[in-house]
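Counting from 1, one number per residue, gives the positions in the sequence shown under our numbering.
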Amino acid sequence: MQNLFEKGILMSLGLLALTREQATKVVDELVEKGKLAKEEKPKILEDLLEKAENEKKALETRIDAGLEKALKRLNIPTRKDIEETNKKLDQILKELKKLS
Numbered sequence: 001m002q003n004l005f006e007k008g009i010l011m012s013l014g015l016l017a018l019t020r021e022q023a024t025k026v027v028d029e030l031v032e033k034g035k036l037a038k039e040e041k042p043k044i045l046e047d048l049l050e051k052a053e054n055e056k057k058a059l060e061t062r063i064d065a066g067l068e069k070a071l072k073r074l075n076i077p078t079r080k081d082i083e084e085t086n087k088k089l090d091q092i093l094k095e096l097k098k099l100s
């Protein structure tokens with residue numbers, strides 16, 4: 001029951017935009033309405049904030065992967081590609097200096 005309750009809170013708050021202040025306000029309201037015991041407040045608050053942070057990180061990972069895939073489709077080099085090319089050029093320049 002509590003898990004279902006937490007899911008409802010997470011969805012209603014807009015998990016990704018959740019701030020400590022917003023979460024505290026919602027949890028305080030639940031305590032006032034008697035839907036949540038005062039002793040549960042710190043744990044529920046921390047759980048909500050932890051879940052929000054985890055969801056944010058997961059979304060960032062998915063966005064990064066999507067962007068990288070789009071760049072490859074458009075044949076645009078990534079920062080990593082450019083860094084690897086620069087390393088290769090540095091090696092070539094070192095070899096050329098040795099020869100001259």
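From the three backbone atoms N, C-alpha and C, an ideal C-beta is built for every residue, glycine too. This structure is a prediction, so every number in the text was calculated from the model and none was measured.
Its chain contains V27 and V31 as the residues whose beta carbon lies nearer than 7 Å to that of K41, once the 5 sequence neighbours on both sides are disregarded; these appear in chain order. Take E68, set aside five residues on each side of it, and the residues of its chain with a beta-carbon closer than 8 Å to its own are T78, in chain order. Straight across, the Cα-Cα distance linking Q22 with E83 is about 42 Å.
Burial check for A65: the Cβ neighbour count within 10 Å stays below 16, so the residue is exposed. Counting only the Cα atoms, D81 lies some 29 Å from S100. Counting the other CB atoms within 10 Å of its CB gives A70 a total below 16, which places it among the exposed residues.
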